[in-house]
Amino acid sequence: MESLGDILKRLQLQISSGAADYPADWLAAVEEEAKEPVCPVCRDLGWVRHEVGLDHPDFGRAFPCVCRRERGAADRLERLRRFSNMGSLAKVSLEAITAAGPSAEARARFEAALDAARAYADDPRGCFMLVGGSGTGKTHLAAGMANRLMERGEAVFFTFVPDLLDHLRATYGPDAEVSYDELFEQVKTVPVLVLDDLGRHSTTPWAEEKVYQVLNHRYLNDLPTIVTSSIALDRLDPRLQQRLLDPRTSRVMDLGAAASAGGQRVGAVPHEMLKHMTFETFESAGRADEPEQRETLEAALAMSSAFARDPHGWLVLVGDSGCGKTHLAVAVANTQLERGEEVFFAFVPDLLDHLRYTFSPDSRVTYDELFDRVKQTPLLVLDDLGSETSTAWANEKLYQIVVHRHNARLPTIITTRAIPTGSHDPVASRLNDPRLVVVMPITAPDYRQLGARPQRKRAASAG
Numbered sequence: 007m008e009s010l011g012d013i014l015k016r017l018q019l020q021i022s023s024g025a026a027d028y029p030a031d032w033l034a035a036v037e038e039e040a041k042e043p044v045c046p047v048c049r050d051l052g053w054v055r056h057e058v059g060l061d062h063p064d065f066g067r068a069f070p071c072v073c074r075r076e077r078g079a080a081d082r083l084e085r086l087r088r089f090s091n092m093g094s095l096a097k098v099s100l101e102a103i104t105a106a107g108p109s110a111e112a113r114a115r116f117e118a119a120l121d122a123a124r125a126y127a128d129d130p131r132g133c134f135m136l137v138g139g140s141g142t143g144k145t146h147l148a149a150g151m152a153n154r155l156m157e158r159g160e161a162v163f164f165t166f167v168p169d170l171l172d173h174l175r176a177t178y179g180p181d182a183e184v185s186y187d188e189l190f191e192q193v194k195t196v197p198v199l200v201l202d203d204l205g206r207h208s209t210t211p212w213a214e215e216k217v218y219q220v221l222n223h224r225y226l227n228d229l230p231t232i233v234t235s236s237i238a239l240d241r242l243d244p245r246l247q248q249r250l251l252d253p254r255t256s257r258v259m260d261l262g263a264a265a266s267a268g269g270q271r272v273g274a275v276p277h278e279m280l281k282h283m284t285f286e287t288f289e290s291a292g293r294a295d296e297p298e299q300r301e302t303l304e305a306a307l308a309m310s311s312a313f314a315r316d317p318h319g320w321l322v323l324v325g326d327s328g329c330g331k332t333h334l335a336v337a338v339a340n341t342q343l344e345r346g347e348e349v350f351f352a353f354v355p356d357l358l359d360h361l362r363y364t365f366s367p368d369s370r371v372t373y374d375e376l377f378d379r380v381k382q383t384p385l386l387v388l389d390d391l392g393s394e395t396s397t398a399w400a401n402e403k404l405y406q407i408v409v410h411r412h413n414a415r416l417p418t419i420i421t422t423r424a425i426p427t428g429s430h431d432p433v434a435s436r437l438n439d440p441r442l443v444v445v446m447p448i449t450a451p452d453y454r455q456l457g458a459r460p461q462r463k464r465a466a467s468a469g
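Per my numbering: the sequence shown = residues 7 to 469.
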């Protein structure tokens, strides 16, 4: 593969001739050494000058030779790919990409992004941005879009943002293959630019200024630009936010948050729970021997089903371990995810561990990003509230989450073994607010307790 310097040197003739609008055959300048016989017209230079008088506007200008226009579509596509800097990503096809993810929510997000990517590749206008955690498929979608555009004859340049900035810095060196102006102009004006992993570069004033200059130029000239980023958009330079998030010219597709160290995305309902904990598998009789116990299970099932159909306010499921609280909460989440809605599910002790981990230098997500997701998500499920270690820090975080969602009246499901009752407990005050919160006690015994009712086929274990 040719180096970036060789590619741009071959383009210098066009740049110097003022061909800023990229005529149809400009990419012929990046082909490798020709293997066919030397063209008798241009002697394989690829460019010719018209013999005109000094006063003619075409005097001294270079034009593509007819030999370039005669090359077939396959040859042109190969040259486009050679210029694109795609490497192994040149094999990625939008047609071959299928929705994937660790949860129904992740798959729904990816499916929506894939549909939007295909539409953009068919009609590239403005900025198309893919955001989400590492491993959510952003780069593959961007590469698939780039390849489809090249198949349609569009010139595309694909670059990893930190690498681009390294190349720009290198142009200041005495041994640079290409000048700074050549490279910078090329990136700003290429017909379609793909910037992969924006925000992962070093945030020096120089780097921020270069990235802004590129995106600002493309924004003002309405040049198609595809951007991927794994950081929260509000962490970007405010000037970049103005250019990238302009609703008149941009579309942003969110693929969701990054996975945790164990591979499960933070906030995703574990697959096995989604598989087994549904309304259909919930036994409303449970192991209840007393009519009152069965009545609480039936009432909890009816209330949870109604909440799943139209989630408003808060639903608090209260009962001992194994009575079915978590099963019903996950069943509600299942219903919402099947509708394509966003759900954040968290076992409270694990959530606090994740929040603590965000302070680690190895964390791929910041504390603010994760905390804001928990506070703002359309539906939050807090499983086993009260089982966490009761430290001042943990109490403060839970208080902030509860107060924010209570004030904003955001749909929330909480499972707990007991409602706090302290008169001065601010969390207890919110959980006991009848204007917003429905408390459903379940008095049935533990589903998982061994021995009873062996003849009954039990549902999947419930929390």
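Even glycine gets a Cβ: it sits at the ideal position worked out from N, Cα and C.
Here the structure is a predicted model, which means the values were calculated and not measured.
Where residue i falls: helix, strand or coil (DSSP)
| i | result |
| --- | --- |
| threonine 165 | strand |
| threonine 372 | coil |
| leucine 33 | Summary for leucine 33: the model assigns pLDDT 47, below 50, so the residue's position carries little reliability; its value from the coordinates is reported in the next sentence. Leucine 33: helix per DSSP, three-state reduction. |
| threonine 284 | coil |
| aspartate 121 | helix |
| leucine 357 | helix |
| phenylalanine 377 | helix |
| threonine 302 | helix |
| aspartate 172 | helix |
| alanine 337 | helix |
| phenylalanine 190 | helix |
| proline 43 | Note that proline 43 scores a pLDDT of 48, beneath 50, so its modelled location is shaky and nothing firm can be said. |
| leucine 100 | coil |
| leucine 60 | coil |
| leucine 251 | coil |
Residues bridged to residue i [DSSP beta-bridge criterion]
| i | result |
| --- | --- |
| methionine 470 | An answer regarding residue 470 cannot be provided, because it is not within the stretch 7 to 469 covered by the chain. |
| methionine 259 | Leu136 |
| serine 185 | Serine 185 pairs with nothing; no bridge assigned. |
| threonine 421 | Leu323 |
| alanine 414 | BP columns for alanine 414 are empty, so no partner. |
| valine 409 | Valine 409 is not bridged to any residue. |
| phenylalanine 69 | Val54 |
| leucine 385 | Answer is none; leucine 385 lacks a bridge partner. |
| leucine 201 | Thr165 and Val233 |
| leucine 242 | In the DSSP output, where bridge partners are listed per residue, leucine 242 has none listed. |
| phenylalanine 350 | Leu386 |
Closest by C-alpha distance to residue i, when choosing among the options
| i | options | result |
| --- | --- | --- |
| leucine 100 | Leu147, Thr418 and Ala118 | Leu147 |
| glutamate 157 | Ser90, Val409 and His282 | Ser90 |
| glutamate 215 | Arg245, Val196 and Ile237 | Arg245 |
| glycine 392 | Leu357, Pro451, Ala337 and Leu442 | Leu357 |
| serine 327 | Asp202, Ala119 and Pro451 | Pro451 |
| alanine 414 | His318, Cys45 and Val198 | His318 |
| serine 94 | Arg55, Thr165, Pro46 and Gly159 | Thr165 |
| glutamate 191 | Val167, Glu160, Asp202 and Arg224 | Arg224 |
| cysteine 329 | Ala339, His56, Gly292 and Val47 | Gly292 |
| aspartate 240 | Pro211, Ala274, Asn227 and Gly205 | Gly205 |
| leucine 195 | Pro211, Pro180, Leu170 and Pro230 | A quick correction: the sequence has threonine, not leucine, at residue 195. Of the candidates Pro211, Pro180, Leu170 and Pro230, the one whose C-alpha sits nearest the C-alpha of threonine 195 is Pro230. |
| valine 217 | Leu242, Ile237 and Pro197 | Leu242 |
| glycine 262 | Glu160, Glu347 and Thr287 | Glu347 |
| valine 349 | Asp187, Gly273 and Ser235 | Gly273 |
| valine 433 | Tyr405, Ala105 and Leu442 | Tyr405 |
| methionine 92 | His56, Val47, Thr255 and Ala161 | Ala161 |
| valine 256 | Met279, Val72, Ser236 and Asp228 | Rather than valine, the amino acid found at residue 256 in this sequence is serine. Residue Asp228 is the option with its Cα nearest to serine 256. |
| leucine 171 | Tyr453, Pro211 and Pro180 | Pro211 |
Contacting residues, own chain, Cβ-Cβ under 7 Å from residue i (five flanking each side not counted)
| i | result |
| --- | --- |
| glycine 150 | Val98, Ser99, Leu100, Ile103 and Ala123 |
| alanine 127 | Leu100, Met151, Arg154 and Leu155 |
| lysine 381 | Ile407, His410 and Arg411 |
| alanine 335 | Leu323, Val387, Asp389, Ile419 and Thr421 |
| alanine 182 | Ala176 |
| glutamate 394 | Val354, Pro355, Leu358 and Ala400 |
| glutamate 39 | Here glutamate 39 scores only 44 on pLDDT, less than 50, and its place in the model should not be relied on; the value that follows carries that caveat. Excluding sequence neighbours, glutamate 39 sits near nothing in its chain. |
| threonine 427 | Ala434 |
Cβ shell of residue i (< 6 Å), same chain only, five flanking positions each side left out
| i | result |
| --- | --- |
| methionine 446 | Ala306, Met309 and Leu323 |
| methionine 259 | Ala119, Ala122 and Leu136 |
| threonine 449 | Gln299 and Thr302 |
| valine 200 | Ala148, Ala152, Phe164 and Ile232 |
| glycine 78 | Low confidence applies here, because glycine 78 scores a pLDDT of 48, under 50, leaving its location unreliable and the question unanswered by this model. |
| tyrosine 28 | Its pLDDT being 45, under 50, tyrosine 28 is placed unreliably by the model, and nothing is read from it. |
| leucine 385 | Pro317, Gln342, Val349 and Pro417 |
Close Cβ partners of residue i (< 8 Å) along its chain, the five nearest in sequence each way excluded
| i | result |
| --- | --- |
| threonine 341 | Phe285, Ala314 and Arg315 |
| asparagine 222 | Arg245 and Arg249 |
| glycine 59 | Phe65 |
Cβ pair count under 8 Å reaching 3, the segment 322-332 against the segment 422-436: yes
Three or more C-beta pairs below 8 Å linking the segment 293-307 and the segment 373-390: no
Could you check whether the segment 128-136 touches the segment 235-253, counting it as contact only if at least three pairs of C-beta atoms, one from each stretch, sit closer than 8 Å? yes
Assess, as a yes-or-no matter, whether the segment 138-147 is touched by the segment 167-185 under the definition of 3 or more beta carbon pairs within less than 8 Å. no
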